[in-house]
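J.:
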Amino acid sequence: MTEYEGRVFARLREFEQTHRARILAIETSCDETAAAIVENGRRVLANVVFTQIPLHVPYGGVVPEIASRSHVQKIGPVVASALSEAGLALSELDAVAVTNGPGLVGALLVGLSYAKGLAYAAGLPFLGVHHIASHIAANYLSDPDFKPPFTCLVVSGGHSHIILVEDYDRYRLIGRTRDDAAGEAFDKVARVLGLPYPGGPNLETLAETGDPDRYRFHSAFNEADGFDFSFSGIKTAVVKRLYNAEQAGEPVDRADLAASFQRTVVEILAEKAVRATLAQPGEAGKKLALAGGVSANRALRAALKSRADKAGIALTCPDFAYCTDNAAMVGSAAYGRLLGGRLDPLSLNAIPYLSIDTETAG
Ligand code: KG4
Ligand code: ZN
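And the structure:
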């Protein structure tokens, strides 16, 4: 056993007795450099997020090389700010956790390498965390009594999944998008409407002034039974509507188009999520959580709430601060992994395409 392994096992033995852990968590999977310190999976002692959005605005989307370079520049100061916000030294922590996938590989590697260095230097247990597991765990930060089992709708820029959360570290995929993620569809439609990156929140703002009944977008795939989604066809229909109107010299109300698109997508998400929840056994059939960047969308929250209420399902949503990428949610998910006795070696790699049920199979 190496000296590092000896120190880690001593820490783990302590954790097994007390179940207490202050975890330093790092997130660099896309365009946010984030570090947080979370106590026992629930209490956020520090949460620092440096967003790269202004760097990517000129390009209308995330440029991977720019993202990686900015992470390299910011990771040190962001981690130092989190430690000082919590008033803690590295030696007072119990574990280091980091997102190791899915995400942009160059971006992931920055956080992963930094986290490994810290864990090794301080002799702390090291954990790699799945990005979707982190988004799901954002709900544990917002509601201290919320716990598995439950059904979760995860909607972000890279993912649209319905997941049965059986335990803190056990997931089963119930449904997923067959093509674009919901956030990706928001971003692409926003772009053709001439809205700046990131499209989702800007499209939501524009939609607030529009008429959601003005345009109709049907989607046979989404109307069918089953829990998978498809957003690519709806996105294309919006783009075509705009293009055809422009070609014909007809006026198009952009706000109405945004509102109609948003309404179509949120109704599909809400309908499928509620139906999928009702199909789950026991408590998971009565509890639905929302997660991922698109969970910040108020129209989606309202559509889910109204359908969940009618179906007798309790809905939980993360606080707005924990909807888009942050490291506090990573710290909470990592605590769940520690409770499940999981730990990762310092040889852990970044995995750009990491599926959530493969990850929990072992
Ligand atoms: O979870 P997240 O920060 O990053 C990924 O893991 O992908 O999600 C970012 C996505 C983007 O597509 C963004 O446009 C979308 O979430 N988003 C929204 C809203 N806020 C963020 N989409 C719709 N309405 C919002 N208010
Ligand atoms: Zn995310």
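Take -5 as the starting number for the sequence shown in this note's numbering and just add one per residue. Backbone N, C-alpha and C define an ideal beta-carbon position, used for all residues, glycine too.
(1) Going along the chain, which residues of its own chain have a beta-carbon closer than 6 Å to the beta-carbon of Lys281, five neighbours each way excluded?
(2) Our contact map puts Ile345 next to Gly95 with C-beta atoms below 8 Å; I'd like the distance itself, whole angstroms only.
(3) Kindly provide the chain-ordered list of residues whose Cβ lies closer than 7 Å to any non-hydrogen atom of the ligand ZN.
(4) Return helix, strand or coil for Ser154, following the three-state DSSP convention.
(5) Gly169 and Phe255 - do their beta-carbons sit closer together than 8 Å?
(6) Start and end of the beta strand (DSSP E) containing Ala91?
(7) Do Tyr114 and Tyr209 have their CB atoms nearer than 8 Å?
(8) Taking Gly54 and Tyr191 to be in contact with their CB atoms under 8 Å, please state how far apart those CB atoms are, rounded to whole angstroms.
(9) Within 7 Å: the Cβ of Gly177 and any heavy atom of the ligand KG4?
(10) Do you know whose CA, among Arg248, Leu298, Pro52 and Leu77, lies nearest Ala20's CA?
(11) Determine, using beta carbons only, whether Ser150 and Val51 come nearer to each other than 8 Å.
(12) Which word fits Phe120, buried or exposed, when buried means at least 16 other C-beta atoms lie within 10 angstroms of its C-beta?
(13) When burial is assigned at 16 or more other CB atoms within 10 Å of the CB, is Asp303 buried or exposed?
(14) Nearest to Leu49 by alpha carbon, out of Thr199, Ile17, His65 and Ala40?
(15) Determine the direct distance from the alpha carbon of Val148 to that of Lys110, and round the result to whole angstroms.
(16) Residue ranges of each alpha helix (DSSP H) run of no fewer than 4 residues wholly in the segment 318 to 344, ordered along the chain?
(17) Measure from the alpha carbon of Phe3 to the alpha carbon of each residue in Tyr347, Asn343 and Asp338, then state which is nearest.
(18) By Cβ distance below 8 Å, which residues in the same chain neighbour Glu160 in space, the five residues on each side in sequence not counted?
(19) What I want to know is whether the C-beta of Gly55 ends up closer than 7 Å to one or more non-hydrogen atoms of the ligand KG4.
(20) Put Val73 into one of helix, strand or coil per three-state DSSP.
(21) Does the ligand KG4 have even one heavy atom less than 7 Å from the beta-carbon of Glu217?
(22) With a CB to CB cut of under 8 Å and the five nearest residues on each side skipped, what residues in its chain are close to Asp247?
(23) In terms of alpha-carbon separation, which member of Ser23, Ala91, Thr22 and Val186 lies closest to Lys234?
(24) List the residues that DSSP assigns as beta-bridge partners of Val149.
(25) When we look at the beta-carbon of Asn343 and count the other beta-carbons within 10 Å, is it buried (16 or more) or exposed?
(26) Could you compute how far the alpha carbon of Cys317 sits from the alpha carbon of Asn133?
(27) Between which two residues does the beta strand (DSSP E) harbouring Ile228 extend?
(28) Quick one: grab the DSSP three-state call for Asn41.
(29) Are there 16 or more other CB atoms within 10 angstroms of the CB of Pro71, so buried, or fewer, so exposed?
(30) Does DSSP put Arg208 in a helix, a strand or coil?
(31) Excluding sequence positions up to five away, which residues of its chain have a Cβ less than 6 Å from the Cβ of Val42?
(32) Applying the criterion that 16 or more other CB atoms from any shown protein chain within 10 Å of the CB defines a buried residue, is Asp163 buried or exposed?
T.: To lay it out plainly:
(1) Phe144 and Ala308
(2) 4 Å
(3) Ser23, Cys24, His125, His129, Ser150, Gly151, Gly152, Gly286, Gly287, Thr318 and Asp319
(4) strand
(5) no
(6) Ala89 to Gly95
(7) no
(8) 5 Å
(9) yes
(10) Correcting the residue type first, residue 20 is Ile in the shown sequence and not Ala. If we check each option's Cα against that of Ile20, Leu77 comes out closest.
(11) no
(12) buried
(13) exposed
(14) His65
(15) 28 Å
(16) 322 to 333
(17) Asp338
(18) Pro142, Pro143, Arg166 and Ala278
(19) no
(20) helix
(21) no
(22) Gly204, Asp205 and Arg208
(23) Val186
(24) Ser154
(25) exposed
(26) 9 Å
(27) Looking at the DSSP string, Ile228 is not in any beta strand (DSSP E); the run it does join, the alpha helix (DSSP H), is Ser226 to Ala242.
(28) strand
(29) exposed
(30) coil
(31) Ala29, Val72, Ser75 and Ala76
(32) buried
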